[in-house]
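Visitor: Starting off with a structure, shown below.
This is how it looks when you write it as C-alpha cells:
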C-alpha cells in the first residue's frame, strides 16, 4: 500500500468514527448540486454536519458513499471545491483547509481524493484596519529576528531563533541568510497584541487574521548585496504603508543601510528606524550609533525623532516623509518591543485609494492541487471578490486573458473579499500557473488595458561612475516587474546627481504602465529613481 493511500485511509477511519460530522462525496457539480431545491437541502445537510461536529465538519471528496477510494480528475475536484464553498457560504460556514492525495496506478493518470475541513462562521471580510510594513537594512542586522519577536511576542535566544519563523527555504535557515521576500502577520485586539504561537502553522496565521481587529503585515526583505533586486522588489512592488529600516548597534550604518534608506525615501515612504542588538553593546556604543543614525538622516534632509525621548504619541503624530522616529531595540531582552507594538497599533494607514477599480500586480504565482493557478501580490486599488471575472496580462504578445476568481486567501485565511493594501493569494480559473509571470496585472473584466513598450519619465541619477548616455541599459523595478530597458536621455546624457527626462523602452515585451508610477533603475553599481510622466501608446 502506498504511503499516500495509507494516510488517506487513516483519515477516512478517523472520519467514520466522528459519525455525524463526516460526509462522503464522489464529486459535486454545479449543474446537479446547485440546481433549484438541491442547493438548499445540501446546505441544510452541511449545517447539520457542522453542528454535529461542534462547529467543524469533514467532507471527503473523491470517494464512494461508503468511503471507498475512487479518485476524480483535478478539474472535477476543483469544481467540487467551488460548489462546496458555495454550499458552506449558504450554511453560514467556510472551508478552512483542504488536503489532497493522488490515488491510482502510477502508470496511469492519478485521480484526486481530498479532505476539506468546513468550519462554522462566514469567511472573513477584510475591512479591518490593516497596515503593511516593509523591512530593510544590511545583512545580519537583525531584520528577520526583530520581526519574528514582534509577531510571536517571544524573545530571541541570541542565535536568531525567532528569525526562523520567517525564512521559508531550507538553505536560508541553514545559512542564516534570507534569500527571498518573507511575510509575517500579527495584530491587535481589545486586550493588546494578537501573536502567532507557531508561524509555521498555516492555521496559526489564519487565526491571527480572524481574531485581530487591526492587522500588521510585514514584507521582510533581503539584506545581502547579491539580492538587492529582491529587496527593491519588496520595497517597490508591494503597497507599503511604512518602511522599517534596521541598524545593528554592533555595526552601525553601512553602505547597504544608506542604499536601502535611499530607496525608502525615493519611494516617499514614511519610515521608522530600529537600532537592533542593543543588548550586545555598551550604553556608550548604543548612544554613538544613535548619533550616527541621526547624522545619516539629517544628511538626506530628514529630521530624526528619538522615541525614547519624545514618546510614542509624538512619533505617531510626527512621522512623515520628513520625520523619522528612531527606536532602540533588542530581540533578546525585548527592549523597545513594547514601543514598536504601540507604534504599529497606533500608526494610521497611509496608502489611499488612487482609483476605485481593482488592480493587482502579480508578485508570485504557484499551483495548488485541486485548485489550480494562484496569483499572489498586494492589491493596489479597489477590491476583488470570489466569483469576479478578471483580465490577466499582458502576455508576451500584449494580449490579456479572461479569468475567474475561484477563491481568495490572506495569510492562509479564506476571505470573501480583499481591498487595497491586502497581501493575498487569488486562485484563478481559466489560466495555467506556467502562463503567469511576475509583473503581470489583474484587472476587472470590463477594463480596456493598453500595454506599452515605452514611456517618458523624470529620472534622478543617484550613483553612476560616469555619465549615462543614449542606449544605457539598466533594469527597471516598477511595481512588481523587473525588466531590462533602454534609456534615451533628453539631450543625450545624464550626469551623476542630475535630474532630467528620458524615454524608457522595454527591451523584450510590453507591460502595463501608467502616469505617476515611481520606479528604481539599476545596472551594476549604478542606481537611480524615476517617475512615469507619460506613456507612449502605439
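Residue numbers (our numbering): 257 to 794. Glycine included, each C-beta is placed from N, C-alpha and C at the ideal position.
Have a look at 338, 327 and 372 and flag the residue whose alpha-carbon is nearest the alpha-carbon of residue 359.
Guide: Indexing the chain shown from 1 puts residue 359 at position 103. Residue 359 has its Cα closest to that of 327, out of 338, 327 and 372.
Visitor: Based on Cα-Cα distance, which residue from 444, 472, 463 and 311 lies nearest to residue 390?
Guide: In the chain shown, counting from the first residue as 1, residue 390 sits at position 134. Residue 390 has its Cα closest to that of 472, out of 444, 472, 463 and 311.
Visitor: If we ignore side chains and look at the alpha-carbon of each, how far apart do residue 396 and residue 498 end up?
Guide: Locating residue 396 in the chain shown gives position 140, where the first residue counts as 1. Locating residue 498 in the chain shown gives position 242, where the first residue counts as 1. Taking the straight line joining both Cα atoms gives about 21 angstroms.
Visitor: I'd like the span of the alpha helix (DSSP H) that includes residue 597, first residue to last.
Guide: For the purposes of this step, residue 597 is identified with residue 341 of the chain shown, where counting begins at 1. 593-602 is the extent of the alpha helix (DSSP H) around residue 597.
Visitor: Name the one or two DSSP bridge partners that residue 348 has.
Guide: As a working mapping, residue 348 is identified with position 92 in the chain shown. In the DSSP output, where bridge partners are listed per residue, residue 348 has none listed.
Visitor: Tell me which same chain residues have a C-beta within less than 6 angstroms of the C-beta of residue 751, skipping the five on either side of it?
Guide: Taking the first residue of the chain shown as position 1, residue 751 is located at position 495. Closer than 6 angstroms at Cβ, skipping near neighbours: 723.
Visitor: Can you tell me the Cβ-Cβ gap for residue 729 and residue 715, rounded? I've got them flagged as a contact below 8 angstroms.
Guide: Counting from one through the chain shown, the residue named residue 729 turns up at place 473. Counting from one through the chain shown, the residue named residue 715 turns up at place 459. With 8 angstroms as the limit, residue 729 and residue 715 do not qualify as a contact, their Cβ atoms being about 14 angstroms apart.
Visitor: Note down, one range per segment and in chain order, each alpha helix (DSSP H) of at least 4 residues found wholly within the region 697-766.
Guide: none
Visitor: For a quick check, are the C-beta atoms of residue 579 and residue 532 less than 8 angstroms apart?
Guide: To locate residue 579, count along the chain shown from 1; it is residue 323. To locate residue 532, count along the chain shown from 1; it is residue 276. No, they are not a contact pair.
Visitor: Would you report the Cα separation of residue 785 and residue 684, rounded to the nearest angstrom?
Guide: The residue given as residue 785 occupies position 529 in the chain shown. The residue given as residue 684 occupies position 428 in the chain shown. Going by the C-alpha atoms only, they are around 34 angstroms apart.
Visitor: Taking the runs of the beta strand (DSSP E) that are 3 residues or longer, which of them lie wholly in the region 611-675?
Guide: 615-617, 620-624, 628-637, 639-641, 645-649, 657-666 and 669-675
Visitor: Tell me which same chain residues have a C-beta within less than 6 angstroms of the C-beta of residue 343, skipping the five on either side of it?
Guide: For the purposes of this step, residue 343 is taken as the residue at position 87 of the chain shown. Only 298, 299 and 302 meet the Cβ criterion.
Visitor: In terms of residues, what are the limits of the beta strand (DSSP E) holding residue 476?
Guide: What you label residue 476 is simply residue 220 of the chain shown in a count that begins at 1. Following the DSSP letters along the chain, one finds residue 476 inside the beta strand (DSSP E) bounded by residues 470-476.
Visitor: Quick one: residues in its chain with C-beta nearer than 8 angstroms to the C-beta of residue 405, no 5 flanking neighbours on either side, listed in chain order?
Guide: To locate residue 405, count along the chain shown from 1; it is residue 149. The beta carbon of residue 405 sits closer than 8 angstroms to the beta carbons of 411, 412, 418, 587, 590 and 593 from its chain, once the five residues preceding and following it are set aside; these are given in chain order.
Visitor: How big is the Cα-Cα spacing for residue 581 and residue 693?
Guide: By 1-based counting over the chain shown, the position of residue 581 is 325. By 1-based counting over the chain shown, the position of residue 693 is 437. Answer to the nearest angstrom: the Cα atoms are 37 angstroms apart.
Visitor: If I'm right that residue 469 touches residue 444 with Cβ under 8 angstroms, what's the distance once you round it to whole angstroms?
Guide: Locating residue 469 in the chain shown gives position 213, counting from the first residue. Locating residue 444 in the chain shown gives position 188, counting from the first residue. Contact flag correct, Cβ pair sits at about 6 angstroms.
Visitor: Which residue from 292, 350, 367 and 277 puts its Cα closest to that of residue 318?
Guide: The count along the chain shown starts at 1 and reaches residue 318 at position 62. When only C-alpha atoms are compared, the closest one is 367.
Visitor: Once DSSP output is grouped into helix, strand and coil, what is the label at residue 373?
Guide: Taking the chain shown and counting its residues from 1, one reaches residue 373 at position 117. In the structure shown, residue 373 sits in a strand (DSSP, three-state: E or B).
Visitor: Taking 6 angstroms as the limit between beta carbons, can you name the residues of its chain near residue 550, skipping five residues before and five after?
Guide: Working through the chain shown from its first residue, we reach residue 550 at position 294. These residues qualify, in order along the chain: 560.
Visitor: Please say whether residue 674 and residue 666 have beta carbons closer to each other than 8 angstroms?
Guide: Within the chain shown, numbered from 1, the residue matching residue 666 stands at position 410. Within the chain shown, numbered from 1, the residue matching residue 674 stands at position 418. Cβ distance < 8 angstroms, so residue 666 and residue 674 count as in contact.
Visitor: Look at the alpha carbon of residue 277 and the alpha carbon of residue 292, and state the distance between them as a whole number of angstroms.
Guide: Along the chain shown, one-based indexing puts residue 277 at 21. Along the chain shown, one-based indexing puts residue 292 at 36. Roughly 25 angstroms between the two C-alpha positions.
Visitor: My output table needs one value for residue 790: the three-state DSSP class, helix, strand or coil.
Guide: Here residue 790 corresponds to residue number 534 of the chain shown, with the count starting at 1. Of the three classes helix, strand and coil, the one that applies to residue 790 here is strand, per DSSP.
Visitor: Roughly how far, in whole angstroms, is the beta-carbon of residue 634 from the beta-carbon of residue 388, given that I think they are within contact range, below 8 angstroms?
Guide: Against the chain shown, residue 634 aligns to sequence position 378. Against the chain shown, residue 388 aligns to sequence position 132. In this structure, residue 634 and residue 388 form a Cβ contact; the two beta carbons are roughly 7 angstroms apart against a cut-off of 8 angstroms.
Visitor: Using 10 angstroms around the beta-carbon of residue 281, count the other beta-carbons present and answer buried if the total reaches 16, otherwise exposed.
Guide: Here residue 281 refers to the residue found at position 25 when the chain shown is read from its first residue. Residue 281 is buried by the Cβ-count criterion.
Visitor: Can you have a look at residue 711 and say buried or exposed, based on whether 16 or more other CB atoms are within 10 angstroms of its CB?
Guide: Translated into positions along the chain shown, residue 711 becomes position 455. Result: buried.
Visitor: Can you tell me which of 527, 557, 546 and 505 puts its alpha carbon nearest to the alpha carbon of residue 218?
Guide: In the structure as shown, the chain starts at 257 and stops at 794, and residue 218 therefore has no counterpart that could be examined.
Visitor: Beta-carbon separation of residue 568 and residue 530 under 8 angstroms?
Guide: Residue 568 sits at position 312 when you count from the first residue of the chain shown. Residue 530 sits at position 274 when you count from the first residue of the chain shown. No, Cβ-Cβ distance for residue 568 and residue 530 is not below 8 angstroms.
Visitor: If you compare alpha carbons, which of 757, 759, 649 and 726 is closest to residue 768?
Guide: As a first step, residue 768 must be located in the chain shown, where it is residue number 512. Selected option, being the one with the closest Cα: 649.
Visitor: Here's the rule: buried if 16 or more other CB atoms are within 10 angstroms of the residue's CB, otherwise exposed. What is residue 285?
Guide: The residue labelled residue 285 in the question sits at position 29 within the chain shown. Exposed, since its Cβ has fewer than 16 Cβ neighbours within 10 Å.
Visitor: For residue 632 versus residue 620, is the C-beta spacing smaller than 8 angstroms?
Guide: Residue mapping note: residue 632 aligns to position 376 of the chain shown, counting from 1. Residue mapping note: residue 620 aligns to position 364 of the chain shown, counting from 1. A contact, by the Cβ cut-off of 8 angstroms.
Visitor: What are the boundary residues of the alpha helix (DSSP H) that includes residue 406?
Guide: If you number the chain shown from 1, residue 406 lands on position 150. Residue 406 -> alpha helix (DSSP H) spans 399-408.
Visitor: In angstroms, rounded to a whole number, what distance separates the CA positions of residue 314 and residue 628?
Guide: Taking the chain shown and counting its residues from 1, one reaches residue 314 at position 58. Taking the chain shown and counting its residues from 1, one reaches residue 628 at position 372. The C-alpha of residue 314 lies about 22 angstroms from the C-alpha of residue 628.
Visitor: Mapping the DSSP letters down to three states, classify residue 312 as helix, strand or coil.
Guide: Looking up residue 312 in the chain shown gives position 56. Note: residue 312 maps to strand in three-state DSSP.
Visitor: Skipping 5 residues on each side, what residues in its chain have a beta carbon closer than 6 angstroms to that of residue 754?
Guide: As a first step, residue 754 is located in the chain shown; it is residue number 498 there, counting from the start. Closer than 6 angstroms at the Cβ level, and outside the excluded window around residue 754, lie 717.
Visitor: For residue 622, which of 638, 584 and 681 has the nearest alpha-carbon?
Guide: Position 366 of the chain shown holds residue 622. The candidate whose alpha carbon is nearest that of residue 622 is 681.
Visitor: Would you report the Cα separation of residue 449 and residue 442, rounded to the nearest angstrom?
Guide: In the chain shown, counting from the first residue as 1, residue 449 sits at position 193. In the chain shown, counting from the first residue as 1, residue 442 sits at position 186. Cα-Cα distance, rounded: 7 angstroms.
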